[in-house]
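**Q** My questions all concern the structure below.
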Amino acid sequence: MRDLLLAILLLRTEGISEKDLDALLGNDHPQWREVLVQLVETGWGPLQLIAQGGQVQARLHPRYLYLLQELQLEKPRPLRKVLLETLAIIAYHQPITRPEIEDWRGVAVGSGILQQLQDFDWIEIKGHRDGPGRPALWGTTTEFLRHFGLSSLAEMPAVNLENALPES
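With the sequence shown counted from 1, adding 1321 to any position gets you the numbering used here.
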């Protein structure tokens, strides 16, 4: 059962819903949920199983990610400082409006910056703030979590803003 479940997860690299797993395995293998819970908790060799939002995905455990660069299997996307700063502000302060992002950065954030982060599928509009102009509220996506090896925002490193900001 474990091998069958892992084979399905490896073939569906983008992940698969628990509903679809139930449709595939439910009648013939009713114990699949128990096996899945065990695999999510313990992993399997170099694989880590992530369950979030009703989806399950198998991926390489973060301790082996250095191999991607050494084997040149995946070229890292070059990110400019402005993109990283903006993404970090959104990730730590979501939901957040563009003017609030600009307050944190201290400079204007062009729509092109937000568009590039959207093109990476790392941010999306989560709603609109009540008030004049109803500004968009930005937040991160599940692709952001996947790309950075997180299963939830709670796994993001703690930031001490007093030490991160220059003294006035």
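From the three backbone atoms N, C-alpha and C, an ideal C-beta is built for every residue, glycine too. Quick caveat, the model's predicted, so the values are computed rather than measured.
1. Spell out the partners DSSP gives H1449 in its beta bridges.
2. What does L1381 pair with, by DSSP beta-bridge criteria?
3. For the alpha helix (DSSP H) that V1403 lies in, which residues bound it at each end?
4. Give the straight-line distance between the Cα atoms of S1472 and L1438, rounded to the nearest whole angstrom.
5. Alpha carbon to alpha carbon, what distance is there between D1343 and T1334?
6. Spatial neighbours of P1456 within its chain, please: C-beta separation below 8 Å, excluding the five flanking residues on both sides.
7. Can you check which of these residues, L1388, P1416, G1433 and E1355, is closest to P1367 by C-alpha distance?
8. Use the C-beta contact count for Q1369: other C-beta atoms within 10 angstroms, 16 or more gives buried, fewer gives exposed.
9. Take the Cβ of A1479 as the centre, count every other Cβ of all protein chains shown within 10 Å, and call the residue buried at 16 or more, exposed below.
10. For G1460 versus E1476, is the C-beta distance shorter than 8 Å?
11. Give the C-beta separation of L1458 and P1399 to the nearest angstrom, bearing in mind that I take them to be a contact with Cβ-Cβ under 8 Å.
12. If you drop the 5 nearest sequence neighbours on each side, which residues of the same chain put their C-beta closer than 8 Å to that of L1327?
13. Compute the distance between the beta-carbons of Q1376 and G1347, then report whether it is under 8 Å.
14. Distance check for D1440 and R1467, CA to CA, integer angstroms please.
15. Report buried or exposed for W1412, applying the criterion of at least 16 other Cβ atoms within 10 angstroms of its Cβ.
**A** Looking at the atomic coordinates:
1. The residue given as residue 1449 occupies position 128 in the sequence shown. Per the DSSP secondary-structure output, H1449 pairs in a beta bridge with A1457.
2. The residue given as residue 1381 occupies position 60 in the sequence shown. Bridge partners of L1381: L1368.
3. In the sequence shown, the residue the question calls residue 1403 occupies position 82. Segment K1402 to H1414, the alpha helix (DSSP H) holding V1403.
4. For the purposes of this step, residue 1472 is taken as residue 151 along the sequence shown, with counting starting at 1. For the purposes of this step, residue 1438 is taken as residue 117 along the sequence shown, with counting starting at 1. Going by the C-alpha atoms only, they are around 19 Å apart.
5. As a working mapping, residue 1334 is identified with position 13 in the sequence shown. As a working mapping, residue 1343 is identified with position 22 in the sequence shown. Roughly 18 Å between the two C-alpha positions.
6. As a working note, residue 1456 is residue 135 in the sequence shown. Excluding five sequence positions before and after P1456, the CB atoms of its chain that fall closer than 8 Å to its own CB belong to T1418, R1419, P1420, H1449 and R1450, given in chain order.
7. The count along the sequence shown starts at 1 and reaches residue 1367 at position 46. The shortest C-alpha separation from P1367 is found at L1388.
8. Here residue 1369 corresponds to residue number 48 of the sequence shown, with the count starting at 1. Classification for Q1369: buried.
9. Here residue 1479 is taken as the residue at index 158 of the sequence shown, counted from 1. Burial state of A1479 is exposed, judged by a 10 Å Cβ sphere holding fewer than 16 other Cβ atoms.
10. Taking the sequence shown and counting its residues from 1, the one referred to as residue 1460 is at position 139. Taking the sequence shown and counting its residues from 1, the one referred to as residue 1476 is at position 155. Not in contact: G1460 and E1476 (Cβ atoms no closer than 8 Å).
11. On the sequence shown, position 137 is the one that residue 1458 refers to. On the sequence shown, position 78 is the one that residue 1399 refers to. Not really, about 28 Å apart at Cβ, beyond 8 Å.
12. Taking the sequence shown and counting its residues from 1, the one referred to as residue 1327 is at position 6. Answer for L1327: L1360, W1365, L1368 and A1379, listed in chain order.
13. Working through the sequence shown from its first residue, we reach residue 1376 at position 55. Working through the sequence shown from its first residue, we reach residue 1347 at position 26. No, the pair does not count as a contact, with Cβ atoms beyond the cut-off.
14. Start at 1 with the first residue of the sequence shown, and residue 1467 comes out as number 146. Start at 1 with the first residue of the sequence shown, and residue 1440 comes out as number 119. Taking the Cα positions, R1467 is about 15 Å away from D1440.
15. Here residue 1412 corresponds to residue number 91 of the sequence shown, with the count starting at 1. Before going on, a small fix: residue 1412 reads as Ala here, not Trp. Of the other Cβ atoms in all chains shown, 16 or more fall within 10 Å of the Cβ of A1412; this residue is therefore buried.
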